[in-house]
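This report concerns only the one structure given below.
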Amino acid sequence: MDDAKNKTAIGRRWQFGWCEYFEFSRTLIVHGKLAQLEPKPLDVLIHLLEHPTEVVIKEDLLEAVWGNTSEQSITTAISKLRKAFGGARDSIILNVPGVGYRMAVPVACTHQEERGPAPFKLEIGQSIPGRPEWKQSEAWVEVKRVQSGSPDTKDFQRIRFSSSQWTEST
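See the structure below:
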């Protein structure tokens, strides 16, 4: 791919045990292979990686990742992380009973460039990839951000909407 068509950003690369985590692309590599994880376990992981020598109390994890939910959410996320890591139960993330969790291995963090796909953009008259019958007829984009929920409990969602106009050619 052409460098001009790639998006480049500086992200943190975390190395711990037999794992690597690339923050920009939200990619976890375990024993050299890509591990598939949902966003919340990765959010828990990044919070633990940012505090590698500390015991992170459960309340701090709840606040940082969910805002307001039950401790079962933490337990589920930690379980998914441990399953992805493989090895013994406390080999990467150590449980401190009644308190929280901490990293059980040394953590190294470096900054590096990561490349990703360029933003999707079509010119007027171009068709959507895989849908040649749909062509962009007008160039306009509207982006709105919506926050809903209660700021008191920090139980809210941020949503981005964007739109563009398409016509079906006949």
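FYI, the numbering used here numbers position 160 of the sequence shown as 167, with every residue one higher than the one before it.
Using N, Cα and C, we set each Cβ at its ideal position, and we do this for glycine too.
| Check | Outcome |
| --- | --- |
| Give, in chain order, every unbroken run of the beta strand (DSSP E) that is at least 3 residues long and sits entirely within the region 14-76. | 26-29, 34-37, 40-42 |
| Using DSSP bridges, identify the partner residues of ALA115. | GLN22 |
| Should PRO113 be labelled buried (16 or more other beta-carbon atoms within 10 Å of its own) or exposed? | exposed |
| Which term fits GLY107, buried or exposed, when burial requires 16 or more other beta carbons within 10 angstroms of its beta carbon? | buried |
| Cα separation between GLN133 and SER144? | 8 Å |
| Below 8 Å, how does it come out for the region 47-56 and the region 69-86: are there three or more Cβ pairs, yes or no? | yes |
| From MET110 to HIS58, what does the alpha carbon distance come to, in whole angstroms? | 8 Å |
| Determine the closest residue to SER86 out of CYS116, THR76, LEU44, THR60, with distance taken between C-alpha atoms. | LEU44 |
| Identify every residue that forms a DSSP beta bridge with ILE101. | Looking at the sequence itself, residue 101 is Leu, so the reference to Ile does not match. LEU101 pairs with ARG109. |
| Going by Cα to Cα distance, which pick from SER32, ILE36, ILE17 is closest to GLY24? | ILE36 |
| Under the DSSP definition of a beta bridge, which residues are partnered with GLU130? | In DSSP, GLU130 forms no bridge with anything. |
| Less than 7 Å between the beta carbons of LYS142 and ALA84, yes or no? | no |
| Select from GLY93, THR82, GLU27 the residue whose C-alpha is nearest the C-alpha of PRO104. | THR82 |
| If we count the other Cβ atoms within 10 Å of its Cβ and call it buried at 16 or more, is LEU41 buried or exposed? | exposed |
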